[in-house]
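Numbering (the UniProt record's numbering), first residue to last: 1 to 321. Structure, as structure tokens:
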């Protein structure tokens, strides 16, 4: 991954750039004499020279800062409050201490992965914990929070399973409501559903605003700003799920007077603000039973097919913007 960098030494407010990498125009694979004397062009890429750096420091108090830029344009820095080097007789022995900065921050979602990364399973860090996620690296990195593709995982689960997550991030899985909440962390995220039917036709629905509350508020959902080809399943008052609480087989938080929508639809989900009629709770059921058919308990996106036709695959993924 290409990284632009600047190394600066500072005394009070004065700054001296001792190294710069910008474009690969300068070869830094050099011998001792070159690093001693310095090389490159101070208007572009260069190393100031170990003797020059030693003479500037001259036993005084300097700090040392790395300014970094990833290929994606994201920036970070690492600063050390104490920076010294010895002279050539001691092989320019380094003293460095007192770190502050952002360069040690681990990726918190797939959009923070290095530019050029391929689709696959990666580790991210959320709430001081490392978790595995599948990253769809198209369009600067989407974090997959749910995937249905072959029926290998049972999604008719209880509250605890949906809270913690289940399945295999290389295949079918639910990332876990707590993990999703911790990734979002009050920041601005969009949510996208990628859909495929049994005729191999594809469609999508994307919502520019996506957030959930924590468990104390039953993961109350915020969803708005539809665009896509699958049709909006949450805008009508009788089908809207934004503002709703999460329900599972053992935790009924929906508004349906006929019972628990999670048991009726065989899935943990946010169900409509109003029951659509005495039989149906929702126009979308991505966590339903996996099979090829036309039942209210299977995996469907009604606005796309105008029916309860099941989906062959569904992927839910989020991205910070």
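Cβ coordinates follow ideal geometry from the N, Cα and C atoms, glycine included. Keep in mind the model is a prediction, meaning the values are calculated, not measured.
{"Query": "Residue burial classification, residue 217 (beta-carbon count within 10 angstroms, cutoff 16)", "Result": "exposed"}
{"Query": "Cβ-based burial, residue 321 [other Cβ within 10 Å; buried from 16]", "Result": "exposed"}
{"Query": "Delimiting residues of the alpha helix (DSSP H) encompassing residue 305", "Result": "302 to 305"}
{"Query": "Inter-stretch contact (C-beta, 8 Å, three-pair minimum) for the segment 121 to 133 and the segment 299 to 306", "Result": "no"}
{"Query": "Rounded C-alpha distance that separates residue 202 from residue 147", "Result": "15 Å"}
{"Query": "Straight-line gap, residue 69 to residue 307 (C-alpha atoms, nearest Å)", "Result": "49 Å"}
{"Query": "Three-way DSSP call (helix, strand, coil) for residue 2 in this model", "Result": "Note that residue 2 scores a pLDDT of 47, beneath 50, so its modelled location is shaky; the value from the coordinates is reported in the next line. Residue 2 falls in the coil class under three-state DSSP."}
{"Query": "When 46, 16 and 65 are compared against residue 56, the one with the closest alpha-carbon", "Result": "16"}
{"Query": "Endpoints, the alpha helix (DSSP H) within which residue 132 is located", "Result": "Careful: residue 132 lies outside any alpha helix (DSSP H), inside the beta strand (DSSP E) at 129 to 136."}
{"Query": "Boundaries of the beta strand (DSSP E) in which residue 175 is found, first to last residue", "Result": "Where residue 175 is concerned, there is no enclosing beta strand (DSSP E), given that its DSSP letter is neither H nor E."}
{"Query": "Close Cβ partners of residue 11 (< 6 Å) along its chain, the five nearest in sequence each way excluded", "Result": "Here residue 11 scores only 49 on pLDDT, less than 50, and its place in the model should not be relied on; the value that follows carries that caveat. Once the five neighbours on either side are set aside, the close Cβ partners of residue 11 are 62."}
{"Query": "Same chain, Cβ closer than 6 Å to residue 162, neighbours up to 5 away in sequence not counted", "Result": "177, 248 and 268"}
{"Query": "The beta strand (DSSP E) enclosing residue 142, as first and last residue numbers", "Result": "142 to 148"}
{"Query": "Alpha helix (DSSP H) runs contained entirely in the segment 229 to 292, provided each spans 4 or more residues", "Result": "261 to 264"}
{"Query": "Residues that residue 211 bridges to, as DSSP identifies them", "Result": "222"}
{"Query": "Among 140, 172 and 133, nearest to residue 151 - alpha-carbon criterion", "Result": "172"}
{"Query": "Residue 130 classed as buried or exposed, judged by whether at least 16 other C-beta atoms fall within 10 angstroms", "Result": "exposed"}
{"Query": "Rounded Cβ spacing between residue 49 and residue 38 (contact assumed at less than 8 Å)", "Result": "3 Å"}
{"Query": "Nearest neighbour of residue 109, chosen from 179, 289, 312 and 59 [CA to CA]", "Result": "179"}
{"Query": "Local conformation of residue 298 per DSSP, three classes", "Result": "strand"}
{"Query": "Straight-line Cα distance separating residue 155 from residue 289", "Result": "7 Å"}
{"Query": "C-alpha distance - residue 256 paired with residue 303, whole-angstrom precision", "Result": "21 Å"}
{"Query": "Beta-carbon spacing of residue 322, residue 243 below 9 Å", "Result": "Only positions 1 to 321 of the chain appear in this structure, which leaves residue 322 out of reach."}
{"Query": "Whole-angstrom C-beta distance between residue 225 and residue 207, which should lie under 8 Å", "Result": "6 Å"}
{"Query": "Exposure label - residue 266; buried when at least 16 CB within 10 Å", "Result": "buried"}
{"Query": "Between the CA atoms of residue 47 and residue 29 - distance to the nearest angstrom", "Result": "11 Å"}
{"Query": "Own chain partners of residue 26 with C-beta closer than 6 Å, once the 5 adjacent residues on each side are dropped", "Result": "40 and 45"}
{"Query": "Rounded straight-line distance, which links the Cα of residue 318 to that of residue 43", "Result": "41 Å"}
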